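Reading through the structure tokens given below for one structure.
Protein chains in written order, with my numbering: chain A, 1 to 237; chain B, 1 to 271; chain C, 1 to 258.
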């Protein structure tokens with residue numbers, strides 16, 4: 001196996017460059033999907049908490065279905081159906097169909113899945129804010145947006161961060177599932193490199209190390225963010 | 001519900017609702033309409049042909065889920081325990097194990113086990129003549145191992161928290177009553193930790209169910225693999241996948257109900 | 001306000017026009033997996049092989065701007081019908097079954113179907129020879145259909161792989177006893193290091209209804225314009241020697257077949 005290490009060098013004939021390009025694609029997907037998921041999650045959380053009865057029920061259906069069906073199945077469904085739907089909607093309003101790049105489709109898929117989990121995390125975090133704080137903000141005459149920006153969101157953060165951090169970890173790992181639809185991220189690049197060189201063990205181990213590094217670096221950053229968000233909070237052991 | 005745009009909406013906890021509220025009836029009618037359209041306008045003629053195979057696939061998925069979760073959980077107990085009690089080297093090993101498994105995608109682990117180990121095995125012809133080979137040449141042992149390890153790592157982390165969370169006083173009380181360390185563990189620590197871990201078990205098991213279709217990528221036949229077969233044979237995309245989503249939805253619902261029943265059988269004092 | 005709206009409208013129309021102008025761009029799909037010598041990724045992350053050269057020649061001839069878009073093999077037909085890709089140049093055989101869903105150009109190569117197995121075992125590529133064997137095939141291929149029909153009843157198991165290289169790998173690892181696939185793709189594997197274990201056991205008896213009459217460019221139904229362009233291009237590169245020129249670098253026989 002050590003004889004295969006030259007296959008990992010960054011310049012051809014080594015496949016290291018291909019793996020790193022895959023890693024970059026994976027990170028793009030993870031970041032894009034995670035941010036989209038956050039946006040959906042914030043909307044979903046507020047919709048669930050303050051929306052009308054129909055909106056609440058629809059959001060409940062969304063979060064339940066997404067959390068009950070395997071990500072692999074969702075990714076296949078959304079990957080094929082998502083772009084189809086968008087193009088059919090465009091056709092309805094009479095615009096020409098657009099090319100949806102693999103990356104956009106991938107981000108959409110990861111984002112929709114993440115959105116369901118983020119909705120639940122953020123809803124829980126908002127509810128964990130002592131209601132007196134929000135009431136006090138309103139009593140001081142803060143507008144809705146101002147109270148949201150200055151009180152609800154910052155007060156919610158310490159409760160939300162552990163859940164959101166966990167979601168980021170899930171996002172990085174879920175990108176691997178896009179290998180199944182042929183999106184060229186780290187896992188598929190690894191599979192291709194392994195299949196071309198027949199050095200399966202070497203490449204899968206190398207990819208494992210790359211994913212692990214992403215996780216470990218993320219852990220460090222999350223710890224820093226968490227410490228910052230917890231300023232002024234009572235210490236919990 | 002809320003006071004609209006005039007000010008910050010305050011959270012109003014939803015009233016306990018019945019299914020028969022007007023907007024729910026409307027929504028249900030809409031969903032029923034969508035389902036009816038799906039039944040009428042999509043192609044389902046393949047269902048009778050693949051029905052028996054689908055049932056077999058569901059059974060395989062459940063068997064895989066049950067055994068990997070059970071054995072994975074048994075492994076999780078020592079993994080969680082050594083991280084709390086030591087000895088140090090073992091605690092470190094368990095910690096590294098959890099970090100590695102939780103830090104890499106299951107799909108990659110699966111392919112590493114199946115194709116990576118497969119290429120290593122190919123270098124040892126002796127292995128092929130051994131009595132283990134008829135098992136090792138099949139795909140399910142690898143899928144099984146990957147799923148089991150994954151469950152052990154995630155649940156091991158939960159068990160670590162559960163063991164650490166049992167109040168020290170209870171353990172000291174057990175010792176003060178003259179229990180040996182082993183008895184105290186068996187009678188107090190383990191049951192209390194399991195009790196604390198139980199609520200997460202339902203969630204972890206649902207996650208495990210959702211991981212099972214990955215084994216189809218290494219030629220194990222489960223319900224996902226059967227649906228893939230349908231997709232390839234009929235060139236349909238949405239119908240089989242929608243059915244598959246529905247199947248998993250039902251399986252998850254069954255799991256949740258079963259766990260709720262189990263939890264209700266266990267008396268809780270904390271709640 | 002209105003002027004901004006107007007500017008926006010103009011910009012939208014312009015960008016739509018730009019999109020329209022780019023519509024000449026054709027996304028060519030094939031399986032995102034190593035399938036030597038036809039399409040395989042190299043260490044630069046580029047796709048190389050006979051079929052890539054064929055694609056370049058066709059696209060140059062038909063004056064199409066082709067973009068390589070690898071997709072998962074088991075979803076390649078849905079990808080075509082849902083417009084993720086516009087054509088398939090991925091060693092896809094023209095079969096009756098596929099013609100129900102998609103359209104094909106004329107064939108651009110035709111090769112026999114072979115069976116390979118370990119050197120240590122003696123059997124031939126017949127239903128009798130493969131009795132009780134575990135046979136590996138790639139999913140959604142003509143080989144899967146053929147093996148299921150002819151060898152399925154007697155074989156121990158037909159194992160279906162997502163990619164051809166994984167089926168080959170499992171043959172080398174001893175997890176399957178035989179692999180059925182395109183004879184040229186198998187030859188490429190046998191010539192590789194991992195393929196030293198194995199040898200060609202023979203070609204299977206032809207069944208055009210299943211194995212098809214050669215490989216064609218997969219197209220969406222109703223795109224007659226593109227189809228006639230492609231057919232003309234295939235004819236042209238056959239006639240002007242381009243086809244033979246790049247084929248010679250890969251094969252010492254005529255891959256176009258009879």
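Note that the Cβ used here is the ideal one computed from N, Cα and C, for glycine as well.
Nothing here was measured: the structure is a model prediction, and the numbers come from that model.
Asked, Found
"Cut-off 7 Å between Cβ atoms - residues of its own chain near residue 192 of chain C, not counting five sequence neighbours on either side", "none"
"Span of the alpha helix (DSSP H), counted from its first residue to its last, around residue 247 of chain B", "238-265"
"Reduced DSSP category for residue 18 of chain A - H, G, I as helix; E, B as strand; rest coil", "helix"
"Cβ shell of residue 119 of chain C (< 8 Å), same chain only, five flanking positions each side left out", "197, 198 and 199"
"Contact with chain A by residue 140 of chain C, beta-carbon distance below 8 Å", "no"
"Proximal chain C residues relative to residue 119 of chain B, where beta-carbon distance stays under 9 Å", "169, 172, 173 and 194"
"Residues from the segment 59-84 of chain C in contact with chain B, defined by Cβ distance under 7 Å", "74, 77 and 78"
"Minimum C-alpha distance to residue 272 of chain B - residue among B:175, B:251 and B:205", "Shown here, chain B extends from 1 to 271; a query on residue 272 of chain B therefore has no answer."
"Burial state of residue 66 of chain C, where buried means 16 or more other Cβ atoms lie within 10 Å", "buried"
"Whole-number beta carbon distance between residue 212 of chain B and residue 147 of chain B, since they are thought to touch under 8 Å", "7 Å"
"Cβ-based neighbour list, residue 63 of chain C, same chain, cut-off 6 Å, excluding 5 preceding and 5 following", "none"
"The segment 4-17 of chain A contacting the segment 31-44 of chain C, beta-carbon criterion three pairs below 8 Å", "yes"
"Pairwise C-alpha distance: residue 161 of chain B and residue 80 of chain B", "8 Å"
"Counted within 10 angstroms of its Cβ, other Cβ atoms place residue 44 of chain B as buried (16 or more) or exposed", "exposed"
"Distance, residue 251 of chain B Cα to residue 174 of chain B Cα", "41 Å"
"Residue 221 of chain B: CB within 7 Å of a non-hydrogen atom of the ligand SAM", "What this structure holds is no ligand at all, so the ligand SAM is not there to describe."
"Contact check, residue 136 of chain C vs residue 76 of chain C, beta carbons under 8 Å", "no"
"Nonlocal neighbours in the same chain, by C-beta distance under 7 Å from residue 226 of chain B, ignoring five residues either side", "50, 53, 54 and 57"
"For residue 143 of chain A, three-class secondary structure by DSSP", "coil"
"Same chain only: Cβ atoms within 7 Å of residue 129 of chain A, ignoring 5 sequence neighbours per side", "152, 155 and 156"
"Chain A residues whose Cβ lies nearer than 7 Å to that of residue 105 of chain B", "173, 176, 187 and 211"
"Touching by the beta-carbon criterion (3+ pairs, under 8 Å), the segment 198-208 of chain A and the segment 102-110 of chain A", "no"
"Cβ of residue 118 of chain A within 8 Å of any chain B Cβ", "no"
"Sequence-distant residues of the same chain with beta carbon closer than 6 Å to residue 197 of chain A, five excluded per side", "7"
"8 Å Cβ cutoff, residue 48 of chain A in contact with chain C", "no"
"Short Cβ contact (8 Å threshold) for residue 142 of chain C with residue 101 of chain C", "no"
"Ordered list of alpha helix (DSSP H) runs contained in the segment 16-92 of chain C, each at least 4 residues", "50-61 and 76-81"
"Chain A residues whose Cβ lies nearer than 7 Å to that of residue 40 of chain C", "196"
"Between the CA atoms of residue 127 of chain A and residue 23 of chain C - distance to the nearest angstrom", "Because the pLDDT of residue 23 of chain C is 45, which lies under 50, any placement of that residue in the model is unreliable, and the question is left without a value."
"Counted within 10 angstroms of its Cβ, other Cβ atoms place residue 93 of chain A as buried (16 or more) or exposed", "exposed"
"Buried/exposed call for residue 253 of chain C, threshold 16 Cβ in 10 Å", "exposed"
"Minimum Cβ-Cβ distance from residue 162 of chain C to chain B less than 8 Å", "yes"
"Contact with chain C by residue 83 of chain A, beta-carbon distance below 8 Å", "yes"
"Status (buried if at least 16 other CB within 10 Å, exposed otherwise) for residue 66 of chain B", "exposed"
"Cutoff 8 Å: residue 128 of chain B Cβ touching any chain E Cβ", "Although the question refers to chain E, the structure presented lacks it and instead comprises the protein chains A, B and C."
"CB contact flag (residue 121 of chain A, residue 164 of chain A, <8 Å)", "yes"
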